[in-house]
């Protein structure tokens, strides 16, 4: 489903329709592309998108009510001069996106730091930040544990530039988050490593 300035005026009024006339079709929707809207869709509209798995927001304000998209797995937000992803959503919006696997930000001039809400995305596997002109600042909850990659909420992640199609590393404005390791897994590996040292199977220099 695609929504833009030309089609948004044709959307039915949520308040004027019964649940039987509008909820059923929306509840089955799995893909949505929204672009060039001056105003965000009403929060009531999102309540019914219980099957939505992919959402693209292009040249439009952020939607309020993202916490209702409990099945969302892929979210792309880009090409907006007004979107401030770090401040436009509160904690409740982020906490509702626990099924999100992939998140992409692109061409967002106001993106100056990673949103605090990222720490609540417990299922996130990939984060892409593309063509955002301002160098990113890590939020206060971002810490680098000794001997590990950056701390990402309850997980540990590695940050690397994402390879381009030609295999050459892209510029610093493009960030790819990968190699998520849960803290429990890390502790387990560390215990195995210490046991191997004690048994003489490995040295501390390994």
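Residue numbers (my numbering): 10 to 215. Glycine residues also receive a C-beta, built at the ideal position from the N, C-alpha and C atoms.
Closest residue to residue i among the options (Cα-Cα distance)
i           : options              : result
residue 76  : 109, 35 and 89       : 109
residue 42  : 74, 51, 86 and 53    : 86
residue 132 : 83, 124, 100 and 114 : 83
residue 119 : 127, 138, 134 and 72 : 138
residue 111 : 99, 123, 130 and 70  : 130
residue 68  : 115, 37, 40 and 38   : 115
residue 121 : 100, 102, 90 and 207 : 90
Where the beta strand (DSSP E) containing residue i begins and where it ends
i           : result
residue 113 : 111-115
residue 40  : 40-44
residue 137 : 135-139
Contacts around residue i, its chain only, beta-carbon distance under 7 Å, and the 5 residues preceding and following it disregarded
i           : result
residue 35  : 57 and 58
residue 74  : 52, 55 and 56
residue 81  : 61, 62, 64, 106, 108 and 109
residue 79  : 59, 105 and 108
residue 44  : 13, 67, 68 and 69
residue 207 : none
residue 194 : At residue 194 the pLDDT is 49, less than 50, meaning the model places this residue with poor confidence and gives no usable figure here.
Same chain, Cβ closer than 8 Å to residue i, neighbours up to 5 away in sequence not counted
i           : result
residue 209 : none
residue 37  : 60
residue 101 : 76
Own chain, CB closer than 6 Å to residue i, minus 5 neighbours either side, in chain order
i           : result
residue 92  : 71 and 117
residue 134 : 110
residue 40  : 63
residue 49  : 70 and 72
residue 103 : 126 and 129
residue 88  : 67, 68 and 116
List in chain order: all unbroken beta strand (DSSP E) runs of 3+ residues lying wholly within the region 51-124.
63-67, 83-87 and 111-115
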